[in-house]
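Asker: Have a look at the structure that comes next, please.
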Amino acid sequence: MGDFDCYCFLCSGPLFEPQLGSASPQALRKRRQRVEEKRLALKAGLRYVSDSSESEDGGEEENEDDEEIDEYEERTSYDPELATEERTDWIQYLRVLGFNPNAIGGSKAWISGRARYDDGGVIEVFDGSGSSFLRQNILAKETHINIDPNQPSLDENRCYDCYVPTNGNEVVFPFHSSCMAVLKKVYEWSLNSSSYKKMKGLDSTEIDMDSLYDAATDLCDPYAVYLKLKYGDISGAEQCWECHPGEEYSVTDPLHSAVETIELPPVSTAFQSLYSRLRSSVDPFGAVPNEVIHSICTYLPGEDLSNFLMASFVAHCATLDPTFWKSLGRSRMPWAWELWERTSRNDSQLGFPIDYKKLYFLVDAHTSLPFGITRRLSGWMGLANRRRIWTTCLLLLPHYFRSLQGGISDNKSSSDITDAAIEGELFPISYPPASSTASQTFVLHSWEELHTAPSIFEAYWDLNQNLVGLGTSSGIQKRILGRGTGLQLGAGNGITKSAGRINTGEWIQSLSLGLEILQPLHGTAVKRVDVTLTSGRKITLGDGRRNFAKRQFLCFNGYTFAGLFGQTGHNGVIGSLGILQCPTPKTLCDIASPKLSTAERLLWHHSSSSIVHNRDVKLRSLVVLEDSSINALTPHETFSWTAGAEQFSKLERISARLCTVLEHTGILQLQCRFVRRFWEPKRGLGRNSGDVSEELLESEDTPVHHFDIDGPGGERVIGVKAQGTNDRITAITFCTNQGRQATFGQETQDKWNTFEETGEEFIFGLAAGFSLSADPHEKHFSLMNSIIVLTKKQD
1 MGDFDCYCFL
11 CSGPLFEPQL
21 GSASPQALRK
31 RRQRVEEKRL
41 ALKAGLRYVS
51 DSSESEDGGE
61 EENEDDEEID
71 EYEERTSYDP
81 ELATEERTDW
91 IQYLRVLGFN
101 PNAIGGSKAW
111 ISGRARYDDG
121 GVIEVFDGSG
131 SSFLRQNILA
141 KETHINIDPN
151 QPSLDENRCY
161 DCYVPTNGNE
171 VVFPFHSSCM
181 AVLKKVYEWS
191 LNSSSYKKMK
201 GLDSTEIDMD
211 SLYDAATDLC
221 DPYAVYLKLK
231 YGDISGAEQC
241 WECHPGEEYS
251 VTDPLHSAVE
261 TIELPPVSTA
271 FQSLYSRLRS
281 SVDPFGAVPN
291 EVIHSICTYL
301 PGEDLSNFLM
311 ASFVAHCATL
321 DPTFWKSLGR
331 SRMPWAWELW
341 ERTSRNDSQL
351 GFPIDYKKLY
361 FLVDAHTSLP
371 FGITRRLSGW
381 MGLANRRRIW
391 TTCLLLLPHY
401 FRSLQGGISD
411 NKSSSDITDA
421 AIEGELFPIS
431 YPPASSTASQ
441 TFVLHSWEEL
451 HTAPSIFEAY
461 WDLNQNLVGL
471 GTSSGIQKRI
481 LGRGTGLQLG
491 AGNGITKSAG
501 RINTGEWIQS
511 LSLGLEILQP
521 LHGTAVKRVD
531 VTLTSGRKIT
541 LGDGRRNFAK
551 RQFLCFNGYT
561 FAGLFGQTGH
571 NGVIGSLGIL
581 QCPTPKTLCD
591 IASPKLSTAE
601 RLLWHHSSSS
611 IVHNRDVKLR
621 SLVVLEDSSI
631 NALTPHETFS
641 WTAGAEQFSK
651 LERISARLCT
661 VLEHTGILQL
671 QCRFVRRFWE
681 PKRGLGRNSG
691 DVSEELLESE
701 DTPVHHFDID
711 GPGGERVIGV
721 KAQGTNDRIT
731 AITFCTNQGR
741 QATFGQETQD
751 KWNTFEETGE
761 EFIFGLAAGF
771 SLSADPHEKH
781 FSLMNSIIVL
791 TKKQD
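When the sequence shown is numbered by the UniProt record's numbering, its final residue is 795 and no position is left out of the sequence of numbers.
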């Protein structure tokens, strides 16, 4: 998309100072003429089209290029006598609302110190005052206060993504300090309204920043530069901010109200006789009680209310009492709080009664349609902008309160979840093997949680960065398998935590655990956890820099991830793991008792995981051993001799490196070689036997056998056979479509496990596992112990 701007999530205003136009009399006159023409067109409901070819009246002739540049700048800049420095200085007081899943304690949200918007959705934060500034007088000038304790270290990160994450980063929401002050006022005012008074868990003095972050997250779309809210009739928030003359009020400080300069109108009786003449003998509101008329008035916009009172003498008389208009002003215009404070202070000191009806319509008129405000009325711009922002904040609050209420629940799992959940298979994920009794933890306690509250997925690591705890948290509630609950991180126990946020409406779809390649003297454990969410977003916890063998836990079709069960092993490391799944309500499940696929049952080399979990790939098991924790922790590998059926012509040889030592007879490596003109590197598989892309090393105990295939002539592999003992593959046979075959290894029995192509699919490669002896001195005798045929559908 190139360069683009992001905007304040409360006002959709710019994050940098706006462009001001020329202050020359000629430029001011032309700009104001265009603004007035547009204002009149908008008032008449017409579309305004500016004449870009208008010429100057007199003056010296200018260079044509300079004139075009000046003309464009003047049409995309504000009136310098309206958008003054005093009125726009507030824009530089920029901050962000962020979320730190690794923060200690129940609250994870943070507010930055001062921030500076860069470009392309990136914002840089600095140290300075944090969320504590909200606990100060919101109208006070900002001072240097300690940084929010939840904010990540600036050494760790000082640049963040606004609205839309990249590379799995947590997003932040930029805002102006003045806008947050308005939101706080809206919040305090809303708490006194009947709709929110009885809500559970409300604090009348503090905005819960976690719930505010949740609400903002729920209002984002994939390409957001502001929230999915209505921000009023302003048009500057385009791909890049556009300064539209006539909209200067949209960049005016909403706390700059200039209320003290407003002349309070005295009561006048000049129009009483006019109303008397308009009196009708039949007024449809004649029998309506005053209370009902007052209620009707509270729902009418300013101009409609004025027309209503002009049309109905009964309504006019019902609203003569000044206290009605004073009350209506306070309830309908709470955003003009200084005005009502001033009238309360001066009501008895002015020497005349205030005409609250006239004041009501005056304030409404000057703040409801502020486009094209003149210099004479420019003192109203701040209040007009505040009214706009107040209205947006009112739209945000229901989402905030919903997030707040969604996070208030007990920590007991619903029987609807626990009774219906099924346990998958338990797989070893560390060595030495686990020894404790298996336990389970439900991370989903009710179906409502999926739609009402976000959560944090957490992983806990010991001093060696081995996985010791896994689960979720929400606020102060923790649902952790293993270690993590009740731990004080960094308190001499060497336990650290990494975490990622799961937003409201998305949930865990699969887990992928990254294990180091097992070495008997060193063991292995989980070093990395990748979480795929139902939204498609991914969370990576732990060591994200290295490649690991992968064990994947997928939810069955029609099932929802509900929890974890497992055992702990040596030093508290999670030794085995399985997942709990629950049938999703009102969803048709595949089968009542689903079974794991071959791909899901095995540990895979990092280079093979994406192949075997591809939906287009089918795994046809010939011999698969899963009889020991060592075998289960030995990653399977894959190699392919074609990417598609049309590429069989490239293959010219399959080779095998064998072991003929009596107690270690078997297959060490497989390799395929391609016709030289295609420049395809050799491919193969085999553990602890050197680089399979090089020529296979032959020795007296490890001979290499070859099977030449006429790929260019149309010959290809259409069948694979294998046989073996209880701990190794002793022989493997490749069959071609030309009736030829070659066997690698030693036949030990008459029975073969066989797979042959059908007309619907073709063989494109193999997957294999290799044994790992408990004796490290025998590492060069890692023999094939599993063989799986890889197939794809024919095009």
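Even glycine gets a Cβ: it sits at the ideal position worked out from N, Cα and C. The model shown is predicted, which means the values in this text are computed figures rather than measured ones.
Which same chain residues, not among the five before or five after serine 446, have their C-beta less than 6 angstroms away from its C-beta?
Answerer: Counted from its first residue, the sequence shown places residue 446 at position 446. Here the set comprises Ser414.
Asker: Regarding glycine 471 and the ligand COA, is the C-beta to nearest heavy atom distance less than 8 angstroms?
Answerer: The ligand COA is absent from the structure shown, which contains no ligands of any kind.
Asker: Using a Cβ-Cβ cutoff of less than 6 angstroms, which residues in the same chain neighbour isoleucine 630 once the five nearest sequence positions on both sides are dropped?
Answerer: As a first step, residue 630 is located in the sequence shown; it is residue number 630 there, counting from the start. Answer for isoleucine 630: Leu772, listed in chain order.
Asker: In this structure, how does DSSP classify residue 810 when only helix, strand and coil are distinguished?
Answerer: The chain is shown from 1 up to 795; residue 810 falls before or after that span and cannot be answered.
Asker: Under a three-way DSSP split, which group does glutamate 506 fall into?
Answerer: Position 506 of the sequence shown holds residue 506. Reduced to three states, the DSSP call for glutamate 506 is coil.
Asker: Tell me which residues share the same chain as serine 273 and place their Cβ nearer than 7 angstroms to its Cβ, disregarding the 5 neighbours each side in the sequence.
Answerer: Stepping through the sequence shown from its first residue, residue 273 is reached at position 273. Unreliable placement is indicated for serine 273, whose pLDDT of 45 sits below 50; no coordinate value is reported for it.
Asker: By the three-class DSSP mapping on this structure, what secondary structure does glutamate 85 have?
Answerer: Taking the sequence shown and counting its residues from 1, the one referred to as residue 85 is at position 85. Three-state DSSP puts glutamate 85 in a helix.
Asker: Using the DSSP secondary-structure output, state which residues sit across from tryptophan 110 in a beta bridge.
Answerer: What you label residue 110 is simply residue 110 of the sequence shown in a count that begins at 1. DSSP, once it has assigned bridges, lists Gly98 as partnering tryptophan 110.
Asker: My understanding is that alanine 562 touches alanine 421, with C-beta atoms under 8 angstroms, so please give their C-beta distance in whole angstroms.
Answerer: On the sequence shown, position 562 is the one that residue 562 refers to. On the sequence shown, position 421 is the one that residue 421 refers to. Contact holds; Cβ gap of about 5 angstroms.
Asker: Tell me where the beta strand (DSSP E) around arginine 683 begins and ends.
Answerer: Reading the sequence shown from its first residue, position 683 is the one you call residue 683. From DSSP, the beta strand (DSSP E) with arginine 683 extends over 683 to 685.
Asker: So for isoleucine 429, helix, strand or coil by DSSP?
Answerer: Along the sequence shown, one-based indexing puts residue 429 at 429. If DSSP states are grouped into helix, strand and coil, isoleucine 429 belongs with coil.
Asker: Distance check for glutamine 465 and residue 815, CA to CA, integer angstroms please.
Answerer: Not covered by the structure: residue 815. The range shown for the chain is 1 to 795.
Asker: Put aspartate 304 into one of helix, strand or coil per three-state DSSP.
Answerer: By one-based count along the sequence shown, residue 304 stands at place 304. Of the three classes helix, strand and coil, the one that applies to aspartate 304 here is helix, per DSSP.
Asker: Using a Cβ-Cβ distance cut-off of 9 angstroms, determine whether aspartate 419 contacts chain C.
Answerer: Included in the structure is just one protein chain, with no chain C present.
Asker: Alpha carbon to alpha carbon, how far is leucine 397 from glutamine 581? Give it in angstroms, no decimals.
Answerer: Taking the first residue of the sequence shown as 1, we reach residue 581 at position 581. Taking the first residue of the sequence shown as 1, we reach residue 397 at position 397. If I take the Cα positions, the gap works out to 35 angstroms.
Asker: Should residue 797 be labelled buried (16 or more other beta-carbon atoms within 10 Å of its own) or exposed?
Answerer: Any question about residue 797 goes unanswered here, given that the chain covers just 1 to 795.
Asker: How about isoleucine 574 and leucine 481: are their beta carbons less than 9 angstroms apart?
Answerer: By one-based count along the sequence shown, residue 574 stands at place 574. By one-based count along the sequence shown, residue 481 stands at place 481. For isoleucine 574 and leucine 481, yes; Cβs fall inside 9 angstroms.
Asker: Would you please state the rounded distance, in angstroms, between the beta carbons of threonine 584 and tyrosine 559? I believe it to be under 8 angstroms.
Answerer: By 1-based counting over the sequence shown, the position of residue 584 is 584. By 1-based counting over the sequence shown, the position of residue 559 is 559. Going by Cβ atoms, the distance from threonine 584 to tyrosine 559 rounds to 6 angstroms, so yes, they are a contact pair.
Asker: Please identify the residue among Trp507, Asn557 and Gly523 whose C-alpha is closest to the C-alpha of lysine 538.
Answerer: On the sequence shown, position 538 is the one that residue 538 refers to. Selected option, being the one with the closest Cα: Trp507.
Asker: State whether the segment 717 to 736 contacts the segment 605 to 614, with contact taken as three or more CB pairs (one from each stretch) at a distance under 8 angstroms.
Answerer: Touching, no, given that fewer than three Cβ pairs across the two stretches are closer than 8 angstroms.
Asker: What span of residues does the beta strand (DSSP E) with valine 731 cover, start to end?
Answerer: As a first step, residue 731 must be located in the sequence shown, where it is residue number 731. First, the residue type needs correcting, since residue 731 is alanine and not valine in the sequence shown. First-last of the beta strand (DSSP E) with alanine 731: 729 to 736.
Asker: Nearest to phenylalanine 548 by alpha carbon, out of Glu700, Phe556, Cys555 and Asp530?
Answerer: The sequence position of residue 548 within the sequence shown is 548, counting from 1. Taking only the C-alpha atoms, the option nearest phenylalanine 548 is Asp530.
Asker: Smallest Cα separation from glycine 98: which of Ile91, Ala109, Leu467 and Thr88?
Answerer: Looking up residue 98 in the sequence shown gives position 98. Among Ile91, Ala109, Leu467 and Thr88, the Cα nearest to that of glycine 98 belongs to Ala109.
Asker: Figure out for me which residue from Glu663, Lys792, Ser177 and Arg677 has the closest Cα to the Cα of valine 617.
Answerer: Mapped onto the sequence shown, residue 617 falls at position 617. The residue with the shortest Cα to Cα distance from valine 617 is Lys792.
Asker: Check the C-beta distance from glycine 121 over to phenylalanine 16 and give it rounded, since I have them as a contact under 8 angstroms.
Answerer: Here residue 121 corresponds to residue number 121 of the sequence shown, with the count starting at 1. Here residue 16 corresponds to residue number 16 of the sequence shown, with the count starting at 1. Not really, about 14 angstroms apart at Cβ, beyond 8 angstroms.
Asker: Entirely within the segment 427 to 465 and at least 4 residues each: give me those alpha helix (DSSP H) ranges in chain order.
Answerer: Runs found: 449 to 452.
Asker: In this structure, does DSSP put arginine 277 in helix, strand or coil?
Answerer: Your numbering for residue 277 matches position 277 in the sequence shown. Note that arginine 277 scores a pLDDT of 44, beneath 50, so its modelled location is shaky; the value from the coordinates is reported in the next line. If DSSP states are grouped into helix, strand and coil, arginine 277 belongs with the helices.
Asker: Quick one: Cα of alanine 643 to Cα of leucine 10, how far?
Answerer: Residue numbering aside, residue 643 sits at position 643 when the sequence shown is read from its first letter. Residue numbering aside, residue 10 sits at position 10 when the sequence shown is read from its first letter. Taking the straight line joining both Cα atoms gives about 52 angstroms.
Asker: For the segment 361 to 372 against the segment 246 to 260, do three or more pairs of beta-carbon atoms, one drawn from each stretch, fall closer than 8 angstroms, so that the two count as touching?
Answerer: Taking 8 angstroms as the limit for Cβ pairs, the verdict is that the segment 246 to 260 does touch the segment 361 to 372.
Asker: For my contact list, tyrosine 72 and proline 18 are in at a C-beta cut-off of 8 angstroms; report their separation, rounded to the angstrom.
Answerer: Stepping through the sequence shown from its first residue, residue 72 is reached at position 72. Stepping through the sequence shown from its first residue, residue 18 is reached at position 18. Their Cβ separation, rounded to whole angstroms, is 16 angstroms, which puts tyrosine 72 and proline 18 out of contact at 8 angstroms.
Asker: To which residues does DSSP link threonine 665 through a beta bridge?
Answerer: One-based indexing of the sequence shown puts residue 665 at position 665. For threonine 665, which the question treats as bridged, DSSP gives no partner whatsoever.
Asker: Starting from methionine 381, follow its DSSP beta bridges and name the residues at the other end.
Answerer: The count along the sequence shown starts at 1 and reaches residue 381 at position 381. None; methionine 381 has no bridge partner.
Asker: Quick check on the burial criterion: 16 or more other C-beta atoms within 10 angstroms. Buried or exposed for methionine 784?
Answerer: Residue 784 sits at position 784 when you count from the first residue of the sequence shown. So methionine 784 ends up on the buried side.
Asker: Alpha carbon to alpha carbon, what distance is there between leucine 470 and phenylalanine 126?
Answerer: Along the sequence shown, read from residue 1 onward, the residue named residue 126 stands at position 126. Along the sequence shown, read from residue 1 onward, the residue named residue 470 stands at position 470. Computed Cα separation, rounded: 33 angstroms.
Asker: Could you please give the first and the last residue of the uninterrupted beta strand (DSSP E) stretch that includes glutamate 238?
Answerer: One-based indexing of the sequence shown puts residue 238 at position 238. Taken as a continuous stretch (DSSP letters only), glutamate 238 belongs to no beta strand (DSSP E), as it is neither H nor E.
Asker: Rounded to whole angstroms, what is the Cα-Cα separation between arginine 330 and arginine 528?
Answerer: Taking the sequence shown and counting its residues from 1, one reaches residue 330 at position 330. Taking the sequence shown and counting its residues from 1, one reaches residue 528 at position 528. When rounded, the distance between both Cα atoms is 57 angstroms.
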